[in-house]
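Notes follow once the structure below has been shown.
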Amino acid sequence: MNMCSHQGDFRLFELADIHHDSGYCWVTKLPDDIIVGESEDNDEKSKLILFEDNIGFCQGSALHDSIRNFGNGLFSHWGDDLYFSTPDNSSPITNGRKYYVAAPMKGKSAKDAKRISGNTPVNYNWYSFDESKVTLDAEYAVNIAFNYLNAIPSGKSFIKGKSILELGPGINFATALIMRSWGARSVTVADRFLADFNENYHPKLYREVANILTTLDSESDVSILLECAKNGYKEELINLLESPLEELQEIEQKFDITLSNAVFEHLYNPRIASKVLYSIMESGAIGIHQVDFRDHRDFSRPLEFLLIDEIEFVRMFDARLGECGNRVRPYQLEQLFFGAGFSSVKYDSNMNVEPEYFNDFLSRLSFEQSSCYSNISPDKLRSVSGLFVVTK
354 MNMCSHQGDF RLFELADIHH DSGYCWVTKL PDDIIVGESE DNDEKSKLIL
404 FEDNIGFCQG SALHDSIRNF GNGLFSHWGD DLYFSTPDNS SPITNGRKYY
454 VAAPMKGKSA KDAKRISGNT PVNYNWYSFD ESKVTLDAEY AVNIAFNYLN
504 AIPSGKSFIK GKSILELGPG INFATALIMR SWGARSVTVA DRFLADFNEN
554 YHPKLYREVA NILTTLDSES DVSILLECAK NGYKEELINL LESPLEELQE
604 IEQKFDITLS NAVFEHLYNP RIASKVLYSI MESGAIGIHQ VDFRDHRDFS
654 RPLEFLLIDE IEFVRMFDAR LGECGNRVRP YQLEQLFFGA GFSSVKYDSN
704 MNVEPEYFND FLSRLSFEQS SCYSNISPDK LRSVSGLFVV TK
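Residue numbering for the sequence shown is 354 to 745, as defined by the working numbering.
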C-alpha cells in the first residue's frame, strides 16, 4: 500500500492487491486493524468511506450481485473484505486512478464517521428569516433570476411552458417563483434542508419581489408571487422536495431546465449527483449551475481546505453539514458532467484566486504531500467560481 496514515480513530490507506471477482465487481482484503464490516452476524452499517482519487463514493452496503451485475460505483464492506465497482465500470487495475479507504480502527470509536453534528442548517435557523433584510433578499433573488435568464438560450421564450427544477434554493423560493412569472409550466425546488414557510418573513419578501419585478419587467405575471405571499406554498404553485440531489433519482418527473446557485460545492457526492441530474432531465434539456469553489470558512483564503488530508476533511465537511464546500475543482466537475452523459458542458470562470495569495498557497501546498491536490497543475486550481451550462 503506497499511502497509509493514521488520523485519530481512522486509518487512511490506498488499496492494493485488488482482484477481479466477477462481472463489474472487484475485491480486496482489508487490514486486520480495521473494524470488520457487515456480515450475516453483524447488520450494523459499515462506516468505511471509499474514494476514487479524491472523490468519495456514496453507494455502500450494496448487494454483491448488484455490484457484479450493475457496477457504477456500488460497493460493500463485508467482513474483512471490500467488494467494489468503479463509477464507470472500468478496471481499477488499469484505469490509472487511485483508490483509497478511510475506515475506523478496531478498539476505537467509530462515531466520528457518522454524519452527526450539533450544528443546525442555515435553512432551519429562525434567525435566517430576518425581516429587516427583506429588501436585500428580494433584490438578490431577482438578480439571480436574471442571471439565469441571461444564460438560458432564447431567454423567456425558452422558459415558457417548460418544467423547471431549482436545486438548493436556500431560505426562500423567490427565484423559482419568478420563473413561473415568466411562463414556466411548473417549478420544483429541492433541498437537503428545505426551508419552511415563515409567516413573518415570506409574505413580505414575495410581495417585495413582485414589486421589484413589476418595475423591471412589466410583462411578468406576478400573481404567482402574490398568491404565495397570501397562501403559502400550495402544490399548484410550486412543488417541494426535501431531498439532496444525490437521492432524486426515484422521482418520476423529468425537467426541461435545471438551475442552481452555489449548490454543487456543498454536495456530499458530486459524482452521483451529476449522474442523477442527467437522469432527471429531459432529452435536450439544459442546466444552468453557478458554482462557488472557494473554502467557505474564509473567502479571503479560498483554497485553504485543499491543504487538509482526506480523513480530516471528511470530518470537517460532515460536522459543518457541507457548508464549508466539498473541495471539488472546476476541471473535476467538468469531467463528472461529461462522465454522467451530458453532450455539452461549458464552463465560464468568473473569479480567479488573487495572485499574491495564490503564490503563497502553492508554496505551502507543495509541502503537504498528504493532500490529494499537492501534485495538481496550478492552472487547474486558479478558478474559484464559475458558471456551468450543461446540455443533455
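For each residue, glycine too, the CB sits at the ideal point set by N, CA and C.
Asked	Found
How would you label I517, buried or exposed, when you count the other beta carbons within 10 angstroms and need 16 or more for buried?	buried
Helix, strand or coil for A455 per DSSP?	strand
DSSP state of V742, grouped into three classes?	strand
Which of helix, strand or coil does DSSP assign to E709?	helix
For D374, report the span of its alpha helix (DSSP H) as first-last.	Per DSSP, D374 belongs to no alpha helix (DSSP H); it is in the beta strand (DSSP E), H372 to S375.
Would you kindly check if the distance between the Cβ of D406 and the Cβ of K459 is under 8 Å?	no
I'd like to confirm something about A504: is its beta-carbon nearer than 7 Å to some heavy atom of the ligand PLP, or not?	In terms of ligand content, the structure shown is empty, and the ligand PLP therefore cannot be addressed.
How big is the Cα-Cα spacing for L579 and S596?	26 Å
List the DSSP bridge partners of M634.	F608
Between which residues of its own chain and E484 is the CB-CB distance below 7 Å, once the five residues before and five after are set aside?	N553, Y554 and K557
Helix or strand or just coil, what does DSSP make of R468?	Caution applies to R468, whose pLDDT of 35 falls short of 50 and renders its modelled position unreliable; the value that the coordinates give is listed next. Coil.
So, for V706: in the same chain, excluding its five sequence neighbours on each side, which residues have a beta-carbon less than 7 Å away from its beta-carbon?	P655, L656, R735 and V737
Look at the Cβ atom of V542, then the Cβ atom of A491, and state whether they are nearer than 8 Å.	no
According to DSSP, simplified to helix, strand and coil, what is I591?	coil
Applying the 10 Å Cβ sphere with the 16-neighbour rule, what's the burial state of F648?	First, the residue type needs correcting, since residue 648 is Asp and not Phe in the sequence shown. D648 should be labelled buried.
Quick one: measure Cβ to Cβ for F437 and E663, integer angstroms, because I've assumed they're closer than 8 Å.	The pair is not a contact, with the Cβ atoms about 17 Å apart (cut-off 8 Å).
Identify the continuous alpha helix (DSSP H) that holds K583 and give its terminal residues.	S576 to N584
Measure the C-alpha to C-alpha separation of G424 and W431 and round it to an integer number of angstroms.	16 Å
If E519 and L368 are in contact, beta carbons under 8 Å, what's the gap, nearest whole angstrom?	The pair is not a contact, with the Cβ atoms about 38 Å apart (cut-off 8 Å).
Can you give the Cα-Cα distance for K515 and D370, rounded to whole angstroms?	51 Å
Identify whether I446 lies in helix, strand or coil by the three-state DSSP scheme.	coil
Measure the C-alpha to C-alpha separation of S716 and V667 and round it to an integer number of angstroms.	24 Å
Quick check on DSSP: helix, strand or coil for A548?	coil
Would you identify the three-state DSSP class for Q685, choosing helix, strand or coil?	helix
Who does H417 pair with in a DSSP beta bridge?	None, per the DSSP bridge assignment.
Please report the distance separating the alpha-carbon of R468 from that of A672.	Only weak support exists for where R468 lies, its pLDDT of 35 falling under 50; the coordinates are left without a value.
In angstroms, rounded to a whole number, what distance separates the CA positions of F608 and I633?	6 Å
Taking 8 Å as the threshold (C-beta atoms), are L659 and Y700 in contact?	no
Out of I610, N622 and V575, which one is the CA nearest neighbour of Y559?	V575
Output the boundary residues of the beta strand (DSSP E) element that contains D434.	D434 to F437
Taking the alpha carbon of D434 as the point to measure from, which residue in Y621, G390 and I420 has its own alpha carbon closest?	G390
Is it buried or exposed, G426, if we count other Cβ atoms within 10 angstroms and call 16 or more buried?	buried
Drop a sphere of 10 angstroms on the beta-carbon of K745, count the other beta-carbons inside from all chains shown, and report buried for 16 or more, exposed for fewer.	buried
Just to confirm my understanding: we take I531, look at its own chain, exclude 5 residues before and 5 after, and list those with CB closer than 6 Å. What are they?	A498
On the DSSP letters alone, give me the boundaries of the alpha helix (DSSP H) that I565 sits inside.	H555 to L569
Near K733, what residues of its chain come up, given a Cβ to Cβ distance below 8 Å and the 5 sequence neighbours on each side ignored?	R682, P683 and Y684
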